[in-house]
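Student: Before anything else, here's the structure in question.
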Amino acid sequence: MALLEVKNLGISFGGLRAVNAFDVTIEKGQLYGLIGPNGAGKTTVFNLLTGVYKPTEGIIHLDGKDITGKKPIDINKAGIARTFQNIRLFKDLSVLDNVKVGLHNHHKYSTLGGILRLPKYFKVEKEMDQQALRLLEVFGLEKEAQVKAANLPYGKQRKLEIARALATEPKLLLLDEPAAGMNPNETGELMETIKFVQKEFQMTILLIEHDMKLVSGICEALTVLNFGEVLAQGDTRTVLNDPQVIKAYLGE
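Quick note: the sequence shown uses the working numbering, first residue 105, plus one each step.
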């Protein structure tokens, strides 16, 4: 069974068709790319998948369950986590506490226990600290655990956002241009980290990117959007050699 199945997904804004008849099937453990020119509708698709927007039509199934039109918090609990093109961190919190925010989906103690600092509170906090540090080690951020997130270099803020998303223990991780604003060395390092996350966590990943070299280097399959329509879809090599893609996306 596929992890994500999307059929005939669409949405309009004020009469403008932003996404039309979008279909995609992503298998468990796959690293899948969603590419296209600016304004093609890629981030709109992410917003539909995560409940930020409710689709005008279409169906979204995650691991066999219908999540179409559900609230973002319910979709996150169902197993979808995401990062954003414009980094969204709790910048006044430490690096460690940013990751712990994601862990609260799976670690609970009562409000009274937290206020009174009962034994269970300290036990849960210790477990979350240990789990958060293990995630930070994956991204080479463990030494900055107590640093305020706002004081991290840009590339490390990108990594922290991914670590926080992973802390929710998702089935599907959506990455919206994770290499945006990075230099070539940072980009190469991040891509190696993403491949490691896919393998180590057996994670299914849907990636939005503009960098064709990057996409061709790590994605197993692609969907190309143009003006909200699926232009091409299939294994990476076939899609990138499609004349329609070359013309529309590469401008050749």
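We put the CB at the ideal spot given by N, CA and C, even for glycine.
Quick caveat: nothing in here was measured; it's all calculated off a predicted structure.
Beta-carbon within less than 6 Å of Leu220's beta-carbon, same chain only, minus the 5 sequence neighbours each way: which residues are those?
Tutor: Residue numbering aside, residue 220 sits at position 116 when the sequence shown is read from its first letter. Note that Leu220 has pLDDT 47, beneath the 50 cutoff, so the model's placement of it is unreliable and no number is given.
Student: At which residues does the alpha helix (DSSP H) containing Asn202 begin and terminate?
Tutor: Numbered from 1 along the sequence shown, position 98 holds the residue referred to as residue 202. Start and end: 199-207.
Student: Among Ile350, Gly143, Leu311, which one has its Cα closest to the Cα of Ala283?
Tutor: For the purposes of this step, residue 283 is taken as the residue at position 179 of the sequence shown. Measuring from the Cα of Ala283, the nearest candidate turns out to be Leu311.
Student: Could you tell me whether the segment 261-272 touches the segment 165-179, using the rule of 3 or more Cβ pairs below 8 Å?
Tutor: Counting Cβ pairs under 8 Å, fewer than three are found: no touch.
Student: Based on Cα-Cα distance, which residue from Glu229, Gly162, Leu193 lies nearest to Pro257?
Tutor: As a first step, residue 257 is located in the sequence shown; it is residue number 153 there, counting from the start. It is Leu193.
Student: Going by the CB atoms, is the gap between Gly137 and Leu278 shorter than 7 Å?
Tutor: Counting from one through the sequence shown, the residue named residue 278 turns up at place 174. Counting from one through the sequence shown, the residue named residue 137 turns up at place 33. No. Outside cutoff.
Student: Give a yes or no on whether the minimum CB-CB distance between Glu290 and chain D is below 7 Å.
Tutor: Absent from the structure is chain D; it holds one protein chain and no more.
Student: Under the rule that 16 or more other beta-carbon atoms within 10 Å means buried, what is Asn345, buried or exposed?
Tutor: Position 241 of the sequence shown holds residue 345. With fewer than 16 Cβ atoms within 10 Å of its Cβ, Asn345 is classed as exposed.
Student: In terms of DSSP beta bridges, what is Asn289 paired with?
Tutor: For the purposes of this step, residue 289 is taken as the residue at position 185 of the sequence shown. DSSP lists no partner for Asn289.
Student: Can you give, in chain order, each stretch of the alpha helix (DSSP H) that sits fully within the segment 245-284 and has at least 4 residues?
Tutor: Runs of the alpha helix (DSSP H) inside the segment 245-284: 258-271.
Student: Would you tell me roughly how many angstroms separate the C-alpha atoms of Val349 and Asp196, rounded to the nearest one?
Tutor: Locating residue 349 in the sequence shown gives position 245, counting from the first residue. Locating residue 196 in the sequence shown gives position 92, counting from the first residue. Roughly 43 Å separates the two Cα atoms.
Student: So if DSSP puts Gln369 in a beta bridge, which residue, or which two residues, is it bridged to?
Tutor: Look at the range of the chain in this structure, 105 to 356, and you will see that residue 369 is not part of it.
Student: Run through the segment 109-164 for me and flag every whole alpha helix (DSSP H) of 4 or more residues, listed as ranges in chain order.
Tutor: List check, alpha helix (DSSP H) in window: 146-153.
Student: In terms of residues, what are the limits of the alpha helix (DSSP H) holding Ala185?
Tutor: As a working mapping, residue 185 is identified with position 81 in the sequence shown. Taken as a continuous stretch (DSSP letters only), Ala185 belongs to no alpha helix (DSSP H), being part of the beta strand (DSSP E) at 184-186.
Student: With 16 as the cutoff for other CB atoms within 10 Å, does Gly206 come out buried or exposed?
Tutor: For the purposes of this step, residue 206 is taken as residue 102 along the sequence shown, with counting starting at 1. Per the 10 Å Cβ criterion, buried.
Student: So, Ala122 versus Gly145, is the Cβ gap smaller than 7 Å?
Tutor: In the sequence shown, counting from the first residue as 1, residue 122 sits at position 18. In the sequence shown, counting from the first residue as 1, residue 145 sits at position 41. Closer than 7 Å, so yes.
Student: Taking the alpha-carbon positions, what's the Leu294 to Lys263 distance?
Tutor: The residue you call residue 294 lines up with position 190 of the sequence shown. The residue you call residue 263 lines up with position 159 of the sequence shown. Near 8 Å, if we compare the C-alpha coordinates of Lys263 and Leu294.
Student: Once the 5 residues before and after Arg186 are set aside, which same chain residues still bring their CB inside 7 Å of it?
Tutor: Residue 186 sits at position 82 when you count from the first residue of the sequence shown. The residues are Phe150, Thr154, Ala269, Leu278, Asp280.
Student: Can you list, in chain order, the residues of its chain with a C-beta nearer than 6 Å to that of Gly173? Leave out the 5 residues immediately preceding and following it.
Tutor: Position 69 of the sequence shown, counted from the first residue, corresponds to residue 173. Hits under 6 Å: Lys158.
Student: Counting C-beta neighbours from all protein chains within 10 Å, is the total for Phe117 16 or more, i.e. buried, or is it exposed?
Tutor: For the purposes of this step, residue 117 is taken as residue 13 along the sequence shown, with counting starting at 1. Result: exposed.
Student: When you compare the CB positions of Gly259 and Met286, do they come within less than 7 Å of one another, or not?
Tutor: If you number the sequence shown from 1, residue 259 lands on position 155. If you number the sequence shown from 1, residue 286 lands on position 182. Cβ atoms of Gly259 and Met286: closer than 7 Å.
Student: If distances are taken between C-alpha atoms only, which option among Phe243, Lys275, Gly244, Glu161 comes closest to Glu131?
Tutor: Along the sequence shown, read from residue 1 onward, the residue named residue 131 stands at position 27. Nearest C-alpha to Glu131: Lys275.
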